[in-house]
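J.: Protein chains in written order, with my numbering: chain A, 1 to 635; chain B, 1001 to 1257; chain C, 2001 to 2173. Yeah, the Cβ is synthetic: ideal placement off N, Cα and C, and Gly gets one too.
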């Protein structure tokens, strides 16, 4: 060791040289192997990249907190409690000992708002032009109310499609949109009536109607979805109420000495439901704001889980193939004198490099796509543009990728450390299994079925892996379709929305996210199906060549490969259906399930796609020279 | 197993293999190889032909072409009356199944099938019913003296036994020709003699044989011995004369001491 | 060393004993060390007695200056010997010399000689092979016969190599 080029070297220098030499050898082996199996390496990277991207999105969505609401509350001097009260009740509340300050009461009215063929119900709040002490809506466009000029809450304005300067109709009167604003006092459209706010208003001649009226006869889980907030001058509000009736309801903004007492205060003062009035707390509004996000999470979380599962399944198939190749490489490297450390080092480095590249790519993709999903919404002041990915997210995503890389090289590393070289080279460790009954049974079947059944019997674990892959894929498709149906049914339940022509921001957001998830799912599902089928055909190369040598037609062999694939795909697809339903149910407890017809179509469709994907590599395989395949392939 | 005899009554072709100008090339650029260089060959029914030569001389390539396992780059090749160089994949598959029996040097048995199941396989491919296929397989295993090993997996058989399973498999559909690639290549002396005897019996029954071999013992028993080098035939010998059991001509050959 | 080898060497031209010894030395290399000039003269004398060779110089000359030449009978014997396919004892030198003298004397084509010999050996191989298979597995005769087969195999391979070498030599000329 201390003699290099015939010259005596000090031990340390010699060791350094040895380490350098080994490092060079390892890097050379790694580079060459990646180049030789470029396609496989690429697929490995893609699968991990997609998994990383999904993980990134899920993690960054989790990071969305209440901060946007807090910012809005501070900027608009948001109230701690809002009361929807009559005039005398307002007076009592203002002078209540628990109240530190108040703003209002502001007269309330409601009517239908129309714009450009769309219509919805509007809760109208009368204000003075001077800024209020509490609940000072923040103008984001235009200016504050003036006679004939209304200000519309931002989410509501988005849904209606109005901009500053447009003319809207309220109560058959035309108003100009003077401005658009955000507030922390009420939840944004369409959750205006959510939570503790229970308001009953007289509309249209004083009769309380129970149709799509504004917040009429509500309980705490608001389902009316087409009510939005509009501000106008107090005189304009007075004109809104029909003749003979005065303003009966007012909104009162309260500030308490301690904002944390808001819920306690509301509990004490809430009146018996009937002639309704109630108090909403700032925490309630905050949670209503978060509803948008939570709803999304309801779709994104299971969606992310699904995608991650699919990505893992694809990675598993690829890792499985790499493992079986590694076995022979371990033997070869040992035979030429590779020590266990060199061999383990080669595999580790290779997988690490690929996994790191993949995770970085995934992080970038996740970073780009996340804003679509994590934007807190028009209702709140939030940062538009790409959110910064937190350090913990980066660490977690890269960490997962590294774990995958380690798993992929753990087995060969162990094999390198022990096990006989000869055995490794001959891949003696795993001969194909024999299933006597299946083989006997298959004798009576036509050749493709005979071949397919025997292929499955020969490598049951691989068949199981295929089945698992298909199960995850089908589960994904079922869940996504269920989500789509659920979102659309929400749409039709949502009262008057489609009639009114407005876009539902929640549903919009849901649909957006669903679209993203669906696309990613389709990409992953296709990739996964492709890996699985291609891997199976490759595994069966020798058997296929031998069958052809004995006189089986190319088409018989291809059909046999398809049969083998379907034999493992069918149980997988069938299991995937309840799995997908379970996943969907975990997210949406009360959603409706896709019809059995849909489910059958999904199963059959998946099987057809898998069969089609098998045919391509099978055909290619059947054109290869029989002799070449027999000479190169071991069992 | 006298179907070859009955077949002869129905006037099938007497020249079973006819090759003219047969060529096979591989690779490109620097790696371009002329495996076979314009080879002509005629093999008559019932003939036993041995092909010898150093490694890389193209003898295995020739056998693969005749067996329909590979396509020639150029030239005419007629096997059992069919133009192999013009056959579709389907046609080749049928040829391999019905007319040709191929015995590989590496045996190429299916590891997960018993000897019996391995031998049955071509019969099942040819459409025989499972019971018929089994009957044929059993008869053939008897003929190759492996009747008691039908249920053994290849891993439980010796090299010579595996080779015999390979031969049985090659014969199960009553092919016109048996092609064997180095049949004694991996065998010890005793197993080789057994194989020699078997091949001799088959030849005596009228089977046409083309054997690629290093083994001079097999070559010596052939009707025709062809030597190859660099993808071409360099010699053709017919060994006539000399009688069995008469060792007088060389009785003085081995002088001890 | 068979007498026929010395006889055949004279087919090229009449020679002295020491010339023949020199040619033998060149052809056999180290194997010729055991053969002395004296032994050459003994063989030549024997051949003279059998009327296969004749001295063509004056009988009064000293013996080492004798020049020997083939008689017609000797010529016939050489031709016969060249076409003989009886296989000598495991001493390949004789066959080797046969090829060399055939080439040097242009009396026969070495390659044809090799071919003929090979064919004969193959026939023997076939016959002995049959004999082996006819014997019981544990018989003594079988053991001996298997040994003969092995040697014949080896000899056939050597003939193969000879053919390659002599073909090359021919194409180089």
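Would you identify the three-state DSSP class for residue 606 of chain A, choosing helix, strand or coil?
T.: helix
J.: Touching or not, the stretch 1192 to 1212 of chain B and the stretch 1230 to 1237 of chain B, by the rule of three or more beta carbon pairs under 8 Å?
T.: Segment contact: the stretch 1192 to 1212 of chain B against the stretch 1230 to 1237 of chain B, fewer than three CB-CB distances shorter than 8 Å; contact not assigned.
J.: Please name the residues in the stretch 1164 to 1178 of chain B whose beta-carbon is closer than 7 Å to at least one beta-carbon of chain A, in chain order.
T.: none
J.: Using a Cβ cut-off of 8 Å (strictly closer), state whether residue 627 of chain A contacts chain B.
T.: yes
J.: Under a three-way DSSP split, which group does residue 1088 of chain B fall into?
T.: coil
J.: What residues in the stretch 1182 to 1195 of chain B have a beta carbon less than 8 Å from any beta carbon of chain C?
T.: Cβ contacts with chain C: 1189, 1190, 1193.
J.: Using beta carbons (cut-off 8 Å, strictly below), is residue 1247 of chain B in contact with chain A?
T.: At residue 1247 of chain B, the pLDDT of 43 sits below 50, so the modelled position is not reliable; the number obtained from the coordinates is stated separately. Closer than 8 Å: no.
J.: Residue 1130 of chain B lies in the alpha helix (DSSP H); which residues open and close that run?
T.: If you look at residue 1130 of chain B, you'll find it in the alpha helix (DSSP H) that goes 1130 to 1143.
J.: Quick check: residue 1168 of chain B and residue 2129 of chain C, are their CB atoms within less than 8 Å of each other?
T.: no
J.: Assuming residue 1144 of chain B and residue 1157 of chain B form a contact by the criterion Cβ under 8 Å, report the distance between their Cβ atoms to the nearest whole angstrom.
T.: Not a contact, Cβ separation roughly 12 Å.
J.: Please give the ranges of any beta strand (DSSP E) in the stretch 53 to 108 of chain A, keeping only runs that are unbroken, at least 3 residues long and fully inside the region.
T.: 81 to 85
J.: Would you call residue 77 of chain A buried or exposed, if buried means 16 or more other Cβ atoms sit within 10 Å of its Cβ?
T.: buried
J.: Can you confirm whether residue 432 of chain A, when its beta carbon is compared against all beta carbons of chain B, has any partner nearer than 8 Å?
T.: With 8 Å as the cut-off, residue 432 of chain A counts as an interface residue toward chain B.
J.: Under 8 Å: do the stretch 432 to 444 of chain A and the stretch 1089 to 1109 of chain B share three or more Cβ pairs, one atom per stretch?
T.: With a cut-off of 8 Å, the stretch 1089 to 1109 of chain B and the stretch 432 to 444 of chain A do not count as touching, because too few Cβ pairs lie within range.
J.: Among residues of its own chain, excluding the 5 on either side of residue 1021 of chain B, which ones have a beta-carbon nearer than 8 Å to its beta-carbon?
T.: In chain order, 1038, 1039, 1040, 1074, 1075, 1076 place their CB closer than 8 Å to the CB of residue 1021 of chain B, counting only its own chain and leaving out the 5 sequence neighbours on each side.
J.: Kindly indicate which three-state DSSP category residue 1104 of chain B falls into: helix, strand or coil?
T.: coil
J.: My guess is that residue 282 of chain A and residue 266 of chain A are in contact by the Cβ rule of under 8 Å, so how many angstroms apart are they, rounded?
T.: With a Cβ gap of about 10 Å, residue 282 of chain A and residue 266 of chain A do not count as contacting.
J.: Check residue 1233 of chain B in the structure and name its three-state DSSP category.
T.: Note: residue 1233 of chain B maps to strand in three-state DSSP.
J.: Looking at residue 1069 of chain B and residue 627 of chain A, is the spacing between their C-beta atoms short of 8 Å?
T.: yes
J.: Report all residues from its chain with a CB closer than 7 Å to the CB of residue 355 of chain A; omit the five preceding and five following residues, and keep chain order.
T.: 48, 401, 402, 404, 405
J.: Find the residues of chain B that neighbour residue 463 of chain A, judging by a C-beta separation of less than 8 Å, and give them in chain order.
T.: Within chain B, no residue has its beta carbon less than 8 Å from that of residue 463 of chain A; the closest one is some 14 Å off.
J.: Helix, strand or coil, according to DSSP, for residue 386 of chain A in the structure here?
T.: Low confidence applies here, because residue 386 of chain A scores a pLDDT of 44, under 50, leaving its location unreliable; read the following figure in that light. In this structure, residue 386 of chain A counts as coil in the three-state DSSP scheme.
J.: Let me see if you follow: with CB-CB separation under 8 Å, is residue 2169 of chain C close to chain B or not?
T.: no
J.: Does residue 331 of chain A have its Cβ less than 8 Å from a Cβ in chain B?
T.: So no, residue 331 of chain A is outside the interface.
J.: So, are the CB atoms of residue 475 of chain A and residue 306 of chain A less than 8 Å apart?
T.: yes
J.: Note down, in chain order, all residues in the stretch 2007 to 2024 of chain C with a beta-carbon under 9 Å from any beta-carbon belonging to chain B.
T.: none
J.: Does the beta carbon of residue 2004 of chain C come closer than 8 Å to any beta carbon on chain B?
T.: no
J.: According to a CB-to-CB cut-off of less than 7 Å, which residues of the stretch 1067 to 1092 of chain B neighbour chain A?
T.: 1069, 1070, 1089, 1090
J.: Please identify the residue among A:152, A:131, A:562 whose C-alpha is closest to the C-alpha of residue 113 of chain A.
T.: A:152
J.: Going by C-alpha distance, which of A:518, A:70, A:602 is nearest residue 576 of chain A?
T.: A:602
J.: So which residues of chain E does residue 2117 of chain C contact, with C-beta pairs closer than 9 Å?
T.: In the structure shown, chain E does not exist; the protein chains are A, B and C.
J.: I'd like to know whether the C-beta of residue 1048 of chain B is nearer than 8 Å to at least one C-beta of chain C.
T.: no
J.: Grab me the residues of residue 1033 of chain B's own chain with a C-beta within less than 8 Å of its C-beta, minus the 5 sequence neighbours each way, in chain order.
T.: 1025, 1026, 1027
J.: Which residues of chain B have a Cβ atom closer than 8 Å to the Cβ of residue 447 of chain A, listed in chain order?
T.: 1124, 1125
J.: Can you find a C-beta in chain A that's less than 8 Å from the C-beta of residue 1062 of chain B?
T.: no
J.: Should the stretch 530 to 545 of chain A be regarded as contacting the stretch 444 to 464 of chain A, the criterion being three or more beta carbon pairs within less than 8 Å?
T.: yes
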